[in-house]
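A.B. asks: Numbering follows UniProt numbering, in which position 59 of the sequence shown is assigned residue number 59; successive positions increment by one, without gaps.
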Amino acid sequence: MGGSASPDIADLTLLLMEYRFHRKNRGFHFHLFRYIDDILIVNCAGLLKLPATSTSPAYNSTPLTLGNEPVS
Numbered sequence: 001m002g003g004s005a006s007p008d009i010a011d012l013t014l015l016l017m018e019y020r021f022h023r024k025n026r027g028f029h030f031h032l033f034r035y036i037d038d039i040l041i042v043n044c045a046g047l048l049k050l051p052a053t054s055t056s057p058a059y060n061s062t063p064l065t066l067g068n069e070p071v072s
């Protein structure tokens, strides 16, 4: 489990790593989601369009939106 300072140390360490990555890769666009030490990076420009193009009725019954804008 670790000590009580472990989440803070992990958060600060990953923050520094993200900062260095952004400085080296200024033109690289991606979506990063992080919770403590779990990282998910989505690097697919058409990811939000994939469910909308599915043949499954479950995906096609509800329009896909990003914020207030529909995703086509």
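Idealized CB from N, CA, C, for every residue including glycine.
(1) Whole-angstrom Cβ separation of L12 and R34, contact assumed at under 8 angstroms?
(2) Run through DSSP, which three-state label would R23 get?
(3) Give every residue of the same chain whose Cβ lies closer than 8 angstroms to the Cβ of L16, excluding the five residues on either side of it in the sequence, and list them in chain order.
(4) Measuring straight from C-alpha to C-alpha, what distance separates H29 and G3?
C.D. replies: In this structure, then:
(1) In the sequence shown, counting from the first residue as 1, residue 12 sits at position 12. In the sequence shown, counting from the first residue as 1, residue 34 sits at position 34. At roughly 12 angstroms, the Cβ-Cβ gap does not stay under 8 angstroms, so L12 and R34 are not in contact.
(2) On the sequence shown, residue 23 is found 23 positions in, with the first residue counted as 1. Helix at R23.
(3) Working through the sequence shown from its first residue, we reach residue 16 at position 16. Within the same chain, L16 has no close Cβ partners at all.
(4) Here residue 29 refers to the residue found at position 29 of the sequence shown. Here residue 3 refers to the residue found at position 3 of the sequence shown. Approximately 35 angstroms between the Cα atoms of the pair.
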